[in-house]
Each structure stands twice: as structure tokens, then as C-alpha cells.
Amino acid sequence: MSNKSKLMVGVAGAGFAGRAHMEGYKNTEDAELIAVCDVSKERAQESADKYGIPHVFTDFNEMISLKELDAVSICLPNTMHAPMSIAALEAGKHVLCEKPLAANAEQAQKMVDTAKRTGKTLAMSLNFRYEGRTLTLKKLIESGTLGDIYYAKTAMLRSNAIPRGWFHVKERSGGGPLLDLASHMLDVTWWLMGRPEPVSACGFTSSKLSSSGKGMGTWGVGYGDGPVDIEDIAIGLIKFKDGKSIFVEVSWALNGPPFHYCYLFGTEAGASLYPDFAIYKEPAIQAPPIEPSKDRIREFVRNILDGTEPLGPATDGLQVMKMLDAIYKSAETGKEAMI
Numbered sequence: 113m114s115n116k117s118k119l120m121v122g123v124a125g126a127g128f129a130g131r132a133h134m135e136g137y138k139n140t141e142d143a144e145l146i147a148v149c150d151v152s153k154e155r156a157q158e159s160a161d162k163y164g165i166p167h168v169f170t171d172f173n174e175m176i177s178l179k180e181l182d183a184v185s186i187c188l189p190n191t192m193h194a195p196m197s198i199a200a201l202e203a204g205k206h207v208l209c210e211k212p213l214a215a216n217a218e219q220a221q222k223m224v225d226t227a228k229r230t231g232k233t234l235a236m237s238l239n240f241r242y243e244g245r246t247l248t249l250k251k252l253i254e255s256g257t258l259g260d261i262y263y264a265k266t267a268m269l270r271s272n273a274i275p276r277g278w279f280h281v282k283e284r285s286g287g288g289p290l291l292d293l294a295s296h297m298l299d300v301t302w303w304l305m306g307r308p309e310p311v312s313a314c315g316f317t318s319s320k321l322s323s324s325g326k327g328m329g330t331w332g333v334g335y336g337d338g339p340v341d342i343e344d345i346a347i348g349l350i351k352f353k354d355g356k357s358i359f360v361e362v363s364w365a366l367n368g369p370p371f372h373y374c375y376l377f378g379t380e381a382g383a384s385l386y387p388d389f390a391i392y393k394e395p396a397i398q399a400p401p402i403e404p405s406k407d408r409i410r411e412f413v414r415n416i417l418d419g420t421e422p423l424g425p426a427t428d429g430l431q432v433m434k435m436l437d438a439i440y441k442s443a444e445t446g447k448e449a450m451i
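Each residue of the sequence shown is one higher than the one before, starting from 113 at the first, in this note's numbering.
Now the structure itself:
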């Protein structure tokens, strides 16, 4: 447990995600937002002016050299998550990293190893885990309402929504919707199942639309464009050591209606997390009221000050990255990939 009353924090990245983190810290009484860093001095200064942040940087290493800084949020392109997080940990700072943890499992492993060696907290900003419906379903599962969950399926499907900016440039994003969307959906589904040990994956990806310039959205304009060289759809089936499995499908651009679902099937009952919260059981039972959501930023701050375990530890992010890597490998080779 820390003997500090407030956590001094900085945010790397003044884009959409970074601004969300800044808003969270400003609304957390146990945190003081003292630094912001962005490659664009103008964008960083705009955030500093809005949130009353005293220190503005365009050099990340200069920001993490601040002695009074305790922790940083990493809200940068995916391929920058590992080097920036590792540098911050080495500088003695706690880290809250946006999803996905890294661009691949090898990078994620280095991050986890560094956190362990330095004794600093490395947590993931997994907002789906903090939603009230997720926390409510987790308690039901832990109470045995669903029995043994042996299968789950989950998806986030969008139409004409390939983001512009760095998202569709593999050199900066590391991948397409498999990294961007499945890092959410696979994570929350796997977590609800009790985090079983993954064994193998079969996967399929396609860039039929993205490679021909179709399916582009408007989100992300203004963050620098580049070649569209990522998949626009990915499908995977993960097998686990105890015989369980998860099916996941994600897309930025389908010629169909947007759809978002997460279903879990157990020996005693089934459940829907999305699109609607429901429990399926014979005889029917009433789904309990959904409890309030938790604030991921406030929880991270309390984790550091109280010395408690984060709801989204980096070790979980590493496991999810191994599963995503295996889906990519299977899609590339046409064979089942071991994890």
C-alpha cells in the first residue's frame, strides 16, 4: 500500500483515447493530472489548457523523467504500446495501457517481464470488464448459475467503418479489427468463462473490401493517413485445455447491419451479455438488476494507492495476445495454430 494520498499521473497521447483518460483522472479525487505528451504540440497544449495540466511534452522520455510523476496512461498507436510502456516501467512509473496490450504476444511478454522485474503495476484499460452488466454476469457465473460454461460466441461487426489515420496502417496498428475489436470481445468473453488455458486456434481473415478502398469510415481523420494494408474481417475459433471453446468474429466493414453480441452457454443455463442482458434457463429465471459500472481510471488509481490487483492485469492481456496471434497465424497458414 502506498503512503501517498494522491497519484501524480501523465497521459501519453492526446487523441480520442487520451482525452478519455484525462477526463477520468480529472474526475478522480485521488489523482492529479500533471503531464500530457503528444507528437503534436498544439494538440497536447489544447488538452493542457482544457484540463489544467502544468507540464506539456512532445518527447515521451522527457515526460517520464519527471520525478514527481507516479504513473502514465499509454494512449498511442498499438505498435508503440510496448516500447513506451517498457520505458515508463524502467523509469519507475506505473502504467495503464490501452488495449490491445501490444502489437503481438512477443512484445506483450516483454512488457509483462519488465513489470515483474521493476515491481511496478502494468494494467490494461479494458472498459468492457468494468461495465455493470459484465460485473453482474460475472457474479452470477461465480455463484454457479450457469454451471460449467463450455462454449461461448462473441462478435462486433460494423458496416463501412474502417477507421482512417493510423488504424488501417499495419506498421502502426499491428493489425485490423482482430486487434482493435477482438481485443475487447475475446477478452471479456474469456474472462467471464474463467480464463481457461488456450491450446490452439483456427482462423480466417479477409481484406476484400479494405484492399479495394471500400468500407472506409470517417472516424480518425486528422491523425495521418497511409496505406490500407490490414484485414477488414477476422474469424477465429479458440480451443482450451479443458475442452471449452470460444468463437469470435469481428469486422470493420461488412455489407450488412452492424451487430454486437456475446453469448455464453453452460450446463445449467445460458447468458447473453450483448446485445441484451439476459439469462436463459428452464424453468425461466429473472435476470437480476444490473449493478453500477466501475470507473476504470478510478480503479487503476486505487489499485496503485491501495496495492490491490487490477481488474485487467497485463498477464491477461498477454494471454489474449497469444490467442490473437494464433488466429492470425492460422489464417496465414491455413492450418490450426498451437498456442
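Note that CB positions come from ideal geometry on N, CA and C, so glycine has one too.
Predicted model, so just to flag it, every value in this text is computed and none were measured.
| Asked | Found |
| --- | --- |
| Residue from Thr420, Ile391 and Lys447 with nearest C-alpha to lysine 232 | Thr420 |
| N- and C-terminal bounds of the beta strand (DSSP E) containing threonine 233 | Element bounds for threonine 233: n/a, residue is neither H nor E. |
| Where the beta strand (DSSP E) containing glutamate 444 begins and where it ends | Glutamate 444 -> not in any beta strand (DSSP E); alpha helix (DSSP H) instead, spanning 426–445. |
| Where glutamate 254 falls: helix, strand or coil (DSSP) | helix |
| For leucine 293, the three-state DSSP class (helix, strand or coil) | coil |
| Tyrosine 373 vs proline 395 beta-carbon contact at 7 Å | no |
| Residue from Glu135, Ser237, Met450 and Leu269 whose Cα sits closest to the Cα of isoleucine 350 | Met450 |
| Rounded Cβ spacing between alanine 265 and tyrosine 163 (contact assumed at less than 8 Å) | In the sequence on display, residue 265 carries lysine and not alanine. Not quite, the Cβ-Cβ distance comes to about 40 Å (not below 8 Å), so this is no contact. |
| Inter-residue Cα distance where the pair is arginine 410 and leucine 234 | 15 Å |
| Counted within 10 angstroms of its Cβ, other Cβ atoms place lysine 356 as buried (16 or more) or exposed | buried |
| Residue range of the unbroken alpha helix (DSSP H) whose run includes glycine 130 | 128–138 |
| Runs of alpha helix (DSSP H) wholly within the region 183–221 (minimum 4 residues, chain order) | 193–202 |
| Start and end residues, beta strand (DSSP E) containing tyrosine 392 | 390–392 |
| 4 or more residues per run - each alpha helix (DSSP H) lying fully within the region 396–422 | 408–418 |
| Between the CA atoms of lysine 138 and leucine 145 - distance to the nearest angstrom | 7 Å |
| Rounded distance between the beta-carbons of aspartate 354 and proline 308, thought under 8 Å | 6 Å |
| Simplified DSSP assignment, three categories, for serine 159 | helix |
| Beta-carbon gap between glycine 130 and cysteine 187 smaller than 7 Å | yes |
| Environment of alanine 124 [buried if 16+ CB atoms lie within 10 Å] | buried |
| Endpoints, alpha helix (DSSP H) assigned at phenylalanine 316 | Looking at the DSSP string, phenylalanine 316 is not in any alpha helix (DSSP H); the run it does join, the beta strand (DSSP E), is 310–318. |
| Residues of its chain near tyrosine 263, where Cβ-Cβ distance is below 6 Å and the 5 sequence neighbours each way are ignored | Ser357 and Phe377 |
| CB of alanine 200 within 7 Å of CB of valine 184, strictly | yes |
| Collapsed DSSP secondary structure at lysine 265 in the structure displayed | strand |
| Cβ shell of alanine 426 (< 8 Å), same chain only, five flanking positions each side left out | Cys209, Leu213, Ala220, Met223, Val224, Ala227, Leu234, Ala235 and Met236 |
| C-alpha gap between glycine 127 and methionine 297, whole angstroms | 23 Å |
| Extent of the continuous beta strand (DSSP E) to which phenylalanine 172 belongs | That residue, phenylalanine 172, is in no beta strand (DSSP E); its alpha helix (DSSP H) goes 172–175. |
| Backbone CA spacing between glycine 136 and serine 442 [nearest angstrom] | 38 Å |
| First through last residue of the beta strand (DSSP E) which encompasses phenylalanine 377 | 371–378 |
| Terminal residues of the beta strand (DSSP E) in which tyrosine 386 lies | 382–386 |
| First through last residue of the beta strand (DSSP E) which encompasses valine 168 | 167–169 |
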